[in-house]
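Chains Y and Z, in that order, give the protein sequences. Residues 1 to 147 (the UniProt record's numbering) are what the first sequence spells out, left to right. Residues 1 to 147 (the UniProt record's numbering) are what the second sequence spells out, left to right. Even glycine gets a Cβ: it sits at the ideal position worked out from N, Cα and C. One structure below.
There are 2 protein chains.
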Amino acid sequence: MTDRAIGRGFKRSELARQTGSNLETVRYYEKIGLLPEPPRSANDYRVYNEAHVRRLRFVMRGRELGFSIEEIRGLLELVDGGKQTCAEVKERTEHHLSDVRAKIADLRRIEKILAQTAAQCSGDAIPECPILDALSSYPDVGDAGHR
Amino acid sequence: MTDRAIGRGFKRSELARQTGSNLETVRYYEKIGLLPEPPRSANDYRVYNEAHVRRLRFVMRGRELGFSIEEIRGLLELVDGGKQTCAEVKERTEHHLSDVRAKIADLRRIEKILAQTAAQCSGDAIPECPILDALSSYPDVGDAGHR
DNA sequence: TCTTGAGTCTGTAGTCACTACAGACCTTAT
DNA sequence: ATAAGGTCTGTAGTGACTACAGACTCAAGA
Numbered sequence: 001m002t003d004r005a006i007g008r009g010f011k012r013s014e015l016a017r018q019t020g021s022n023l024e025t026v027r028y029y030e031k032i033g034l035l036p037e038p039p040r041s042a043n044d045y046r047v048y049n050e051a052h053v054r055r056l057r058f059v060m061r062g063r064e065l066g067f068s069i070e071e072i073r074g075l076l077e078l079v080d081g082g083k084q085t086c087a088e089v090k091e092r093t094e095h096h097l098s099d100v101r102a103k104i105a106d107l108r109r110i111e112k113i114l115a116q117t118a119a120q121c122s123g124d125a126i127p128e129c130p131i132l133d134a135l136s137s138y139p140d141v142g143d144a145g146h147r
Numbered sequence: 001m002t003d004r005a006i007g008r009g010f011k012r013s014e015l016a017r018q019t020g021s022n023l024e025t026v027r028y029y030e031k032i033g034l035l036p037e038p039p040r041s042a043n044d045y046r047v048y049n050e051a052h053v054r055r056l057r058f059v060m061r062g063r064e065l066g067f068s069i070e071e072i073r074g075l076l077e078l079v080d081g082g083k084q085t086c087a088e089v090k091e092r093t094e095h096h097l098s099d100v101r102a103k104i105a106d107l108r109r110i111e112k113i114l115a116q117t118a119a120q121c122s123g124d125a126i127p128e129c130p131i132l133d134a135l136s137s138y139p140d141v142g143d144a145g146h147r
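Structure (structure tokens):
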């Protein structure tokens, strides 16, 4: 058996290479039932085909877009169920979209605070640091157990 | 000993209440050395004071702003070291700020894709779903192990 | 042909930042 | 006196991986 298989059937490392995923992550996804257990060759090596590549790419794209494993599991069920599920897929996507927007809002708030405090700071060797003040919201913080 | 202590000295639940943190998180922060081990009363209960409240608030604010535990540990060392560390605090803040901005950029990219694909979807009972197509980037995905 | 290095297999442990629980002890109120 | 609740400890669980140990197999070079 050569490393890059001819027509159909390749090993785990090749699947990982083709999808850009980590070798161990493949095994992990199979263990939790997100990817199907592939058939095995005589030496007990996993044997994959193009369908596995597509499925793993789907999962990875979903993860990149911030879907949780369980959300992706749900999307895959819709995919496998097939037929009239477009409305539900849309609903889940919009739900996830609002999650993403909330995260962006949070991070922007954080960005603002960090940028403000960094701007206030001269960077000189001044004992009182406005950044630490902003973090503490009380004048003296770093002394628990020392007074 | 009454539950809300009089002048100085209160219990873990009161510290958690005053800071809005989880009861167990307090113990966890002490275990990993982020908060100092407080003195104990005769019955082995932890006894806190205002300094502990301030320190925990500092940690929580840092966590809210997306600093990791180790980053906060570093900031606290600067705090405890005192003196001329303002420049270093500023540097770390700006480093963290660029991390936050990168995360925002990622999420905006994700938001865009999700919004686009959701908009393309009619929500009707159409077998071919543009959202799933966008996720898969290949026409047929949901069939690994089924052909 | 032997050997060496690399790839694959399994289960398990480690990561981060908590959160929850079991079981023992103590305190407070009725 | 008793029941409810708070505190103590260590440990296990979470999510989503990542890494490792030890056994096995395979392919290529000397």
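Check your understanding: Taking Cβ positions only, does isoleucine 104 (chain Y) come closer than 8 Å to chain Z?
Key -> Reading the first sequence from its first residue, position 104 is the one you call residue 104 (chain Y). Yes, its Cβ sits closer than 8 Å to a Cβ of chain Z.
Check your understanding: Apart from the five residues on each side of it in sequence, which residues of its chain come closer than 6 Å, Cβ to Cβ, to valine 89 (chain Z)?
Key -> On the second sequence, position 89 is the one that residue 89 (chain Z) refers to. Excluding residues within five positions, the ones whose Cβ falls inside 6 Å are Leu78.
Practice item. State yes or no: is the beta carbon of glutamate 111 (chain Y) nearer than 8 Å to at least one beta carbon in chain Z? Key: As a working mapping, residue 111 (chain Y) is identified with position 111 in the first sequence. Yes, because at least one Cβ of chain Z sits closer than 8 Å to the Cβ of glutamate 111 (chain Y).
Exercise for review: At 7 Å on the CB atoms, spell out the chain Y contacts of glycine 66 (chain Z), in chain order.
Suggested key: In the second sequence, residue 66 (chain Z) corresponds to position 66, counting from 1. Within chain Y, the residues near glycine 66 (chain Z) are Ile110.
Exercise for review: Taking only runs that begin and end inside the UniProt domain "HTH merR-type" (13-78) of chain Y, name each unbroken alpha helix (DSSP H) of 4 or more residues, in chain order.
Suggested key: 23-31, 50-64
Review point. Comparing the C-beta of alanine 118 (chain Z) with each C-beta of chain Y, is any distance below 8 Å?
Key: In the second sequence, counting from the first residue as 1, residue 118 (chain Z) sits at position 118. Yes, alanine 118 (chain Z) lies at the interface with chain Y (some Cβ there is under 8 Å from its Cβ).
Check your understanding: Residues of chain Y with a CB under 8 Å from the CB of valine 100 (chain Z): which are they?
Key -> The residue you call residue 100 (chain Z) lines up with position 100 of the second sequence. Ordered by position in chain Y, the residues that pass the 8 Å Cβ test against valine 100 (chain Z) are Leu107, Ile110, Glu111, Leu114.
Check your understanding: What is the rounded straight-line gap between the Cα of isoleucine 32 (chain Y) and the Cα of glutamate 70 (chain Y)?
Key -> As a position in the first sequence, residue 32 (chain Y) is number 32, starting the count at 1. As a position in the first sequence, residue 70 (chain Y) is number 70, starting the count at 1. Looking at the two C-alpha atoms, the distance is approximately 10 Å.
Review point. Nearest chain Z C-beta to leucine 97 (chain Y) closer than 8 Å, yes or no?
Key: Taking the first residue of the first sequence as 1, we reach residue 97 (chain Y) at position 97. Yes, contact with chain Z.
Practice item. For the alpha helix (DSSP H) holding lysine 11 (chain Z), just list the boundary residues, first then last. Key: Indexing the second sequence from 1 puts residue 11 (chain Z) at position 11. It is not in any alpha helix (DSSP H) - lysine 11 (chain Z) carries neither H nor E in the DSSP assignment.
Review point. Is proline 39 (chain Y) buried or exposed, if buried means 16 or more other CB atoms sit within 10 Å of its CB?
Key: If you number the first sequence from 1, residue 39 (chain Y) lands on position 39. Proline 39 (chain Y) is exposed by the Cβ-count criterion.
Check your understanding: Hey, does lysine 90 (chain Z) have any beta-carbon neighbour from chain Y nearer than 8 Å?
Key -> On the second sequence, position 90 is the one that residue 90 (chain Z) refers to. Chain Y, which has a Cβ nearer than 8 Å to the Cβ of lysine 90 (chain Z), makes this yes.
Point to revise | glycine 9 (chain Z) to arginine 54 (chain Z) span [Cα, whole Å] | key: Residue numbering aside, residue 9 (chain Z) sits at position 9 when the second sequence is read from its first letter. Residue numbering aside, residue 54 (chain Z) sits at position 54 when the second sequence is read from its first letter. Roughly 14 Å separates the two Cα atoms.
Point to revise | Contacts that threonine 93 (chain Y) makes with chain Z (C-beta to C-beta distance below 7 Å) | key: Translated into positions along the first sequence, residue 93 (chain Y) becomes position 93. Ordered by position in chain Z, the residues that pass the 7 Å Cβ test against threonine 93 (chain Y) are Leu114, Thr117, Ala118, Ile131.
**Study point:** Pick from Z:Leu75, Z:Tyr48, Z:Arg46 that is closest to methionine 60 (chain Z), judged by C-alpha positions
**Key:** For the purposes of this step, residue 60 (chain Z) is identified with residue 60 of the second sequence, where counting begins at 1. For the residues Z:Leu75, Z:Tyr48, Z:Arg46, the minimum Cα distance to methionine 60 (chain Z) belongs to Z:Leu75.
Check your understanding: Would a C-beta distance cut-off of 8 Å place leucine 97 (chain Y) and alanine 115 (chain Z) closer than the cut-off?
Key -> By one-based count along the first sequence, residue 97 (chain Y) stands at place 97. By one-based count along the second sequence, residue 115 (chain Z) stands at place 115. In this structure, alanine 115 (chain Z) lies closer than 8 Å to leucine 97 (chain Y) by Cβ.
Practice item. Pull up the distance between the alpha-carbon of arginine 17 (chain Y) and that of lysine 103 (chain Z), whole angstroms please. Key: Mapped onto the first sequence, residue 17 (chain Y) falls at position 17. Mapped onto the second sequence, residue 103 (chain Z) falls at position 103. Going by the C-alpha atoms only, they are around 26 Å apart.
Review point. How would you write the range of the alpha helix (DSSP H) that cysteine 86 (chain Y) sits in, first residue to last?
Key: Within the first sequence, residue 86 (chain Y) is the residue found at index 86, counting from 1. Element bounds for cysteine 86 (chain Y): 86-120.
Exercise for review: Within the same chain, show all residues whose beta-carbon is closer than 7 Å to that of leucine 15 (chain Z), passing over the 5 residues directly before and after it, in chain order.
Suggested key: Position 15 of the second sequence, counting from 1, holds the residue named residue 15 (chain Z). So the list reads Val26, Tyr48, His52, Val53, Leu56, once near-sequence residues are dropped.
Check your understanding: Got a sec? Which residues, its chain only, sit under 6 Å from cysteine 41 (chain Y) by beta carbon, not counting five neighbours each side?
Key -> Residue 41 (chain Y) sits at position 41 when you count from the first residue of the first sequence. With the sequence shown as reference, residue 41 (chain Y) is identified as serine, and cysteine is not the correct amino acid for it. Val47.
Review point. Is arginine 73 (chain Z) near leucine 35 (chain Z), with beta carbons less than 8 Å apart?
Key: Position 73 of the second sequence, counting from 1, holds the residue named residue 73 (chain Z). Position 35 of the second sequence, counting from 1, holds the residue named residue 35 (chain Z). The answer is no: Cβ separation not under 8 Å.
Review point. What's the call for histidine 23 (chain Y), buried or exposed, on a 16-neighbour Cβ count within 10 Å?
Key: If you number the first sequence from 1, residue 23 (chain Y) lands on position 23. Note on identity: in this sequence residue 23 (chain Y) is leucine, with histidine being the wrong assignment. With fewer than 16 other Cβ atoms within 10 Å, it is exposed.
Check your understanding: Taking all protein chains shown into account, do 16 or more other C-beta atoms lie within 10 angstroms of the C-beta of alanine 118 (chain Z), making it buried, or fewer, making it exposed?
Key -> Taking the first residue of the second sequence as 1, we reach residue 118 (chain Z) at position 118. Answer is buried; the Cβ neighbour count reaches 16.
Exercise for review: Pick out whichever of Z:Arg12, Z:Arg109, Z:Gly20 has its Cα sitting closest to the Cα of glutamate 30 (chain Z).
Suggested key: As a first step, residue 30 (chain Z) must be located in the second sequence, where it is residue number 30. The shortest C-alpha separation from glutamate 30 (chain Z) is found at Z:Arg12.
Check your understanding: Candidates Y:Glu111, Y:Ile113, Y:Glu94, Y:Arg109: which alpha carbon is nearest isoleucine 110 (chain Z)'s?
Key -> To locate residue 110 (chain Z), count along the second sequence from 1; it is residue 110. Isoleucine 110 (chain Z) has its Cα closest to that of Y:Glu94, out of Y:Glu111, Y:Ile113, Y:Glu94, Y:Arg109.
**Study point:** Buried versus exposed call for glycine 20 (chain Z) [16 or more other C-beta atoms within 10 Å across all chains shown]
**Key:** Looking up residue 20 (chain Z) in the second sequence gives position 20. Per the 10 Å Cβ criterion, exposed.
Exercise for review: Would you verify that the beta carbon of glutamine 18 (chain Z) is, or is not, closer than 8 Å to some beta carbon of chain Y?
Suggested key: As a working note, residue 18 (chain Z) is residue 18 in the second sequence. No, because no Cβ of chain Y sits closer than 8 Å to the Cβ of glutamine 18 (chain Z).
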